[in-house]
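J.: Numbering of the sequence shown is given in this note's numbering, commencing with residue 8 and proceeding in unit increments.
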Amino acid sequence: KYFATFPTPKTGRIIDDIDSESFSICVQFMYTGEYQKGLSHENVSSVLYAAELLQMDELKVRCLDYLEQNLDHSNYEQVIELADRFNSPKLKKNALRFQSENSC
């Protein structure tokens, strides 16, 4: 008789740093390529983080596009920060241009 010990398969990775709304948007996007709830100022950074973590490149691009299209006085500093964090030179360039063109 031969006996062998095999490693127990891992059951998966626990993802506990994505909020339920962002995760729901990601799952919906995985299955349909769309999201009914949509992106908003309130959820875009969380969805962007989730898309990065889950390696959802198309959703990440849509989040970055949303940030660029909705750039204003109230968020350009956060957008510059997000552009750095998520490696988007184009978004950073546009946010810095917005900052320089709209400085007092």
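Note that CB positions come from ideal geometry on N, CA and C, so glycine has one too.
Relative to the C-alpha of serine 95, which candidate in Asp24, Val34, Thr39, Tyr73 has its C-alpha closest?
T.: Serine 95 has its Cα closest to that of Tyr73, out of Asp24, Val34, Thr39, Tyr73.
J.: Determine the DSSP secondary structure at tyrosine 73, reduced to helix, strand or coil.
T.: helix
J.: Ignoring anything shorter than 3 residues, give me the beta strand (DSSP E) runs that lie fully in the segment 45–73, in order along the chain.
T.: Here no run is fully enclosed.
J.: Checking 8 Å against the spacing of the C-beta atoms, do valine 54 and serine 29 come in under that value?
T.: Cβ atoms of valine 54 and serine 29: closer than 8 Å.
J.: Would you mind working out which of Ile87, Glu49, Leu61, Phe36 sits nearest arginine 104, comparing C-alpha positions?
T.: Ile87
J.: The ligand GDP and serine 47: does the residue's C-beta get closer than 7 Å to at least one heavy atom of that ligand?
T.: Absence of the ligand GDP from the depicted structure is noted, as is the absence of any ligand whatsoever, leaving it without description.
J.: Would you mind stating whether leucine 71 and leucine 98 have Cβ atoms separated by less than 8 Å?
T.: Yes; because the gap between Cβ atoms is below 8 Å, this pair is in contact.
J.: Please report how far the alpha carbon of glutamine 85 lies from the alpha carbon of leucine 60, in whole angstroms.
T.: Between glutamine 85 and leucine 60, the C-alpha separation is close to 19 Å.
J.: In its own chain, which residues sit with a C-beta less than 7 Å from the C-beta of leucine 89, not counting the 5 before and 5 after it?
T.: Ser52, Leu55, Leu74
J.: Using alpha carbons as the reference points, say which of Gln106, Gln35, Asn77 lies closest to histidine 48.
T.: Asn77
J.: By a C-beta neighbour count over all protein chains shown, 10 Å radius and 16 as the cutoff for buried, is arginine 69 buried or exposed?
T.: buried
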